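K.L.:
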Amino acid sequence: MSGQGSSGRRPQARNKLRAPKRAGTDMTNEGRWRALAKAISQIQNHNESIISMEEQYRYAHHLVLHREGPALYDGVKNLTQHHLNKLCKERLVPAFPTGGVSSLTDGLAQSNPNRSTASNKGKGVDRSGATSDGAAGDGFGPGPHGGAGAVPLGGTDAAAHTRAGDRLLTAMRDMWNDHYRCMKNIAMVLGYLDRTWVPQTEEPGILQLGLELFRDTVIRSKIYPIETYLFSTLLSQIRIEREGNAINRSVLKSSVDMLNALTHPRQGLAITARQTLYKHDFEPKLLSTSADFYQSESEAMLDRADASSYLRHVERRFQEEEDRVTVYLNSATAPALRHILEQFLLSAHLRSIAGMPDSGLDTMLEEDKIDDLARMYRLFYRVSEGPAVLKSGVKAYIGRKGRAINEANGAGAGATAADVGNDNDEAGADEGAGGKKVAGAGAGMAANAGTLAFKWVEDVLALKFKMDRILKDGFGDDKGCEASINEAFETFFNMNPRAPEFISLFLDENLKKGLKGKSEDEVEEVLTQTIVVFRFLHEKDVFERYYKQHLAKRLLQARSVSDDAERGMMAKLKVECGHGYVQKLQGMLNDMKVSEEITKSFQNSLDKSNRRLPYDMSVNVLTSTYWPISAQAPPCQMPALLLSGRKAFEQFYANRHSGRILTWHPHFGSADIRVSFKNKKHELNVFTYALVVLLLFEDIPDEGEASRLTYETICERTEIPAADVQRTLQSLACGKYKILLKEPKGKDINAGDKFSFNANFSAPLARIKIAQVVAKVETPVERKETAEKVEEERKSVTEACIVRIMKNRKTLGHNELVNEVVRQLSSRFVPSPASIKKRIEALIDREYLERSEAGRAMYNYVA
1 MSGQGSSGRR PQARNKLRAP KRAGTDMTNE GRWRALAKAI SQIQNHNESI
51 ISMEEQYRYA HHLVLHREGP ALYDGVKNLT QHHLNKLCKE RLVPAFPTGG
101 VSSLTDGLAQ SNPNRSTASN KGKGVDRSGA TSDGAAGDGF GPGPHGGAGA
151 VPLGGTDAAA HTRAGDRLLT AMRDMWNDHY RCMKNIAMVL GYLDRTWVPQ
201 TEEPGILQLG LELFRDTVIR SKIYPIETYL FSTLLSQIRI EREGNAINRS
251 VLKSSVDMLN ALTHPRQGLA ITARQTLYKH DFEPKLLSTS ADFYQSESEA
301 MLDRADASSY LRHVERRFQE EEDRVTVYLN SATAPALRHI LEQFLLSAHL
351 RSIAGMPDSG LDTMLEEDKI DDLARMYRLF YRVSEGPAVL KSGVKAYIGR
401 KGRAINEANG AGAGATAADV GNDNDEAGAD EGAGGKKVAG AGAGMAANAG
451 TLAFKWVEDV LALKFKMDRI LKDGFGDDKG CEASINEAFE TFFNMNPRAP
501 EFISLFLDEN LKKGLKGKSE DEVEEVLTQT IVVFRFLHEK DVFERYYKQH
551 LAKRLLQARS VSDDAERGMM AKLKVECGHG YVQKLQGMLN DMKVSEEITK
601 SFQNSLDKSN RRLPYDMSVN VLTSTYWPIS AQAPPCQMPA LLLSGRKAFE
651 QFYANRHSGR ILTWHPHFGS ADIRVSFKNK KHELNVFTYA LVVLLLFEDI
701 PDEGEASRLT YETICERTEI PAADVQRTLQ SLACGKYKIL LKEPKGKDIN
751 AGDKFSFNAN FSAPLARIKI AQVVAKVETP VERKETAEKV EEERKSVTEA
801 CIVRIMKNRK TLGHNELVNE VVRQLSSRFV PSPASIKKRI EALIDREYLE
851 RSEAGRAMYN YVA
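Take the sequence shown: its letter number 485 is residue 485 in full-length UniProt numbering, and every next letter is one higher.
Given below as structure tokens:
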């Protein structure tokens, strides 16, 4: 007979269990069980090929149908238990280490009763663990691991332990894999039992029964200490790997997978809800030994490692544990292992790490160790206490550096004699006048004071640039670190009472013409950086006063680098402090621009009227409310030559602006004059007072006693204030270029000194600038006056702010009002609560405010 289909191909045989046929009546149930038991033994001995799985299935089916399910189930259970006990004796027991459990636990941490979760141990703490000279990277060995007396395994010991553990774990893996495969085949034969009888009971299915029997008969054997050997071996292998030795990770993974497959017995819980043996039995031991290991390691390492090496080691430990979890441990263990690392390698030693001498946080910051700082940031931010320790250390470092900058540059020492100086680098007076005299060393001292101011700001900027780079590259622009850095800068910055003046002087230098080696782009970059530190300044109103004075000198002496640079700086200040802050400064720039137009119109009017002055003349017309100029000009008897130009301009201006009054301030002016000396003609650029003094020598004899003018005569004829006469004579007779000769020679200008024109003057340059000796920085008296003026101005500003707030809010509590005033005025200065209270009392006295009937701490606005 043909067995081929229409396609001509022979049908392929399929391996499947067919529907059970009616079993023969000639076999008893006892016989069927004996046949089944023999078949199960053949399956367990890997002889499946000699039995008929279909026939065995029919036997099991018949037994279940004839109410023999319980006996069949118990019989399979007993057979499996017997087989597992036999395998334990034949396979596992011979694989036990010859030295017993102790050979596996040498150096292995047991429960450490001294372990503290809140310890902060570091150098100088007693330790009971022995140390090793082995190399484990970073220049130090692994140190003691585990409890008291534990030592790391190394060399042949580690290799022997590894081989012993590998034998046991390999035997366990093979036995587990063999058992699992057998139970799957047995479950196939007993499939009908699983589908019909098992669901009617509380017994587990055949495959699950096999797993539970393996757990109870093998892992938790009452005959052999298998669980002890297994767990000790696993923990020993993990410890050996932590000490830097190679192990067979594959067999560890097999054992861990086995423990994850086996569940802990618990009545009343579904199998899926039960904990695994890994979670219930093994993981607690793993975590306990890990905690002991890392506590001992950290304490030993802190004794002999520097901060950089320690942090590199800790970072590597985190990576190693993550790798361990990925390769062979349960992923659910990762958070607990991370917590142990964080607790014992970091949390317990944060301050010890950061404070390590010659290698801790201070050293890293000082030496710009960006990689180490980034590592410290990453690790410290893993633990809750870490950010505070890191930020506190950074703040302390900046505070120390800032105080050193303040001390090195004389900040906080108050004004000294070094405050008096020369406003021009070329002037450099080498003789002087002082008392009724001007200090002879004044110019040099002023240069020194100016240098200190310049260096102070440069040092602050350098420190800020350094910390900004560390913040970006080391701390990842962390906002918390940024706030701490800024707070530290703000603190030491405002410890310098002269910070407003120093910043203004620094900007003044960078906004002047003739800066050596700096392009406009470079100047712009410096100005941008200066604004960064300007933000730290509390007394911005004091800075405004100094900046206005320095701006006035730059503009009136035509020394500003450019109008664009000045306006650019004002735009930056406007962004920081608002429009009102720069309104007067912008008015000063506008006055200079308008003055140029007025001068052109004046020259045109002279040309149209055919009037010519013996010199070209330009006038700066300044709005008195914008400029830091006294409303009353100091006296000065102008020579007739200069009076003609002055009268001509007054007439022109009166015709153009009727009702306006001009007040002349000659001490802000300058002149270019050509002077004939015996050897050569020179063009001198002098300030107006110097011109007035020089013109006194124009119509007197060149020789003899008549060619000399006394100090008193000069004061009388010019009517210039004595202090200004002294500075003027110092510039002309005691400076780098001696246009006048002084008798007697000396460093002081005294009453009775005589001066004569130096006809023999000679210099290599045709054009010479005679700079006025002025105070580049304030004297103590001037500084006191400035402070008093600022204080008076603050009173009015504070009162205006209070009235503005109360007018809007009508009724307000004291604390709310104080807080709002501080908030609104903080862009200019930070008023104290006491000063605000005084201004409130003053406004109550003047009936702008009144106390509320609801309470004395409430105020009402009086319309």
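Idealized CB from N, CA, C, for every residue including glycine.
What you are looking at is a predicted structure, and each value in this text was computed from that prediction instead of being measured.
Below 9 Å between beta carbons: does that hold for PHE602 and ALA648?
P.N.:
yes
K.L.:
For GLY587, does the three-state DSSP call read helix, strand or coil?
P.N.:
helix
K.L.:
Look at residue 898 and LEU337 and say whether their C-beta atoms are less than 9 Å apart.
P.N.:
The structure shown does not extend to residue 898, since the chain spans only 1 to 863, so no value can be given for it.
K.L.:
Would you call the CB atoms of LEU193 and LEU72 closer than 9 Å?
P.N.:
yes
K.L.:
Does the distance from the C-beta atom of GLU320 to that of ARG382 stay below 9 Å?
P.N.:
no
K.L.:
Assign LEU843 to buried or exposed, taking buried as 16 or more other Cβ atoms, counted over all protein chains shown, within 10 Å of its Cβ.
P.N.:
buried
K.L.:
What's the C-alpha gap between SER296 and CYS88?
P.N.:
37 Å
K.L.:
Starting from residue 891, trace the alpha helix (DSSP H) in both directions and tell me its first and last residue.
P.N.:
With the chain represented from 1 up to 863, any question about residue 891 goes unanswered, as that position is not in the structure.
K.L.:
Taking the alpha carbon of ILE405 as the reference point, which residue from ASP724, TYR310, GLU458, SER255 has its own alpha carbon closest?
P.N.:
GLU458
K.L.:
Whole angstroms is fine: what's the gap from VAL325's alpha carbon to LEU235's?
P.N.:
14 Å
K.L.:
Please state whether the Cβ-Cβ distance between SER762 and LYS680 is less than 9 Å.
P.N.:
yes
K.L.:
Using the rule of at least 16 other Cβ atoms within 10 Å of the residue's Cβ for burial, across every protein chain shown, is PRO142 buried or exposed?
P.N.:
Interpretation of PRO142 is limited by its pLDDT of 41, a score under 50 that renders its predicted location unreliable; no figure is taken from the coordinates.
K.L.:
Tell me which same chain residues have a C-beta within less than 7 Å of the C-beta of PRO500, skipping the five on either side of it?
P.N.:
LEU537, GLU539, VAL542, PHE543, TYR546
K.L.:
Would VAL561 and LYS513 be called neighbours here (beta carbons separated by less than 9 Å)?
P.N.:
yes
K.L.:
Look at the Cβ atom of SER504, then the Cβ atom of GLN549, and state whether they are nearer than 9 Å.
P.N.:
yes
K.L.:
Could you tell me whether the Cβ atoms of CYS715 and VAL725 are closer together than 9 Å?
P.N.:
yes
K.L.:
Under 7 Å Cβ to Cβ from ARG559, same chain only, skipping five residues before and after it: list those, please.
P.N.:
LYS512, LYS513, listed in sequence order.
K.L.:
Throw me the rounded Cβ distance for the HIS83 and GLN42 pair, which I believe falls under 8 Å.
P.N.:
HIS83 to GLN42, Cβ: 12 Å. No contact.
K.L.:
By DSSP, does ALA723 sit in helix, in strand, or in coil?
P.N.:
Under the three-state reduction of DSSP output, ALA723 falls in the helix class.
K.L.:
How many angstroms separate the CA atom of GLY428 from the CA atom of PHE697?
P.N.:
Low confidence applies here, because GLY428 scores a pLDDT of 36, under 50, leaving its location unreliable and the question unanswered by this model.
K.L.:
Please report the straight-line C-alpha distance between THR530 and ASP362, rounded to a whole angstrom.
P.N.:
Pairing THR530 with ASP362, the inter-Cα distance amounts to about 26 Å.
K.L.:
Can you tell which of PHE757, ALA396, GLY210, SER250 has its C-alpha closest to the C-alpha of ASP699?
P.N.:
That would be PHE757, whose Cα lies nearest to the Cα of ASP699.
K.L.:
Give a yes or no on contact between the stretch 740-751 and the stretch 652-665, applying the rule of three or more CB pairs nearer than 8 Å.
P.N.:
no
K.L.:
Could you tell me the distance, in whole angstroms, from the CA atom of MET570 to the CA atom of PHE755?
P.N.:
Between MET570 and PHE755, the C-alpha separation is close to 45 Å.
K.L.:
Identify the continuous alpha helix (DSSP H) that holds SER560 and give its terminal residues.
P.N.:
That residue, SER560, is in no alpha helix (DSSP H); it is neither H nor E in DSSP.
K.L.:
Flag this pair as yes or no: are the beta carbons of LEU277 and ILE353 separated by less than 9 Å?
P.N.:
The answer is no: Cβ separation not under 9 Å.
K.L.:
Could you give the DSSP three-state label for LEU613: helix, strand or coil?
P.N.:
coil
K.L.:
Whole angstroms is fine: what's the gap from residue 868's alpha carbon to ALA164's?
P.N.:
The question about residue 868 has no answer here: the residues shown for the chain are numbered 1 through 863.
K.L.:
Taking the C-alpha atoms as reference points, what is the distance between GLU788 and LEU527?
P.N.:
29 Å
K.L.:
Whose CA, out of PHE668, VAL862, ASN685, VAL830, lies closest to the CA of ASP845?
P.N.:
Looking from the CA of ASP845, the closest CA among PHE668, VAL862, ASN685, VAL830 belongs to VAL862.
K.L.:
With distances taken between CB atoms, is the gap from ASN590 to PHE668 smaller than 9 Å?
P.N.:
Not closer than 9 Å, so no.
K.L.:
Starting from ILE226, trace the alpha helix (DSSP H) both ways and give me its first and last residue.
P.N.:
First-last of the alpha helix (DSSP H) with ILE226: 226-242.
K.L.:
Beta-carbon separation of PHE489 and PHE454 under 9 Å?
P.N.:
It is not a contact, given that the beta carbons lie outside the stated cut-off.
K.L.:
Measure the beta-carbon distance from ARG375 to LEU311 and round it to whole angstroms, keeping in mind my assumption that it falls under 8 Å.
P.N.:
5 Å
K.L.:
Let me know the secondary structure DSSP gives ALA633 once reduced to three states.
P.N.:
coil
K.L.:
Of all the options PHE687, LYS807, ARG856, ARG794, which has the alpha carbon lying nearest to the alpha carbon of ILE770?
P.N.:
PHE687
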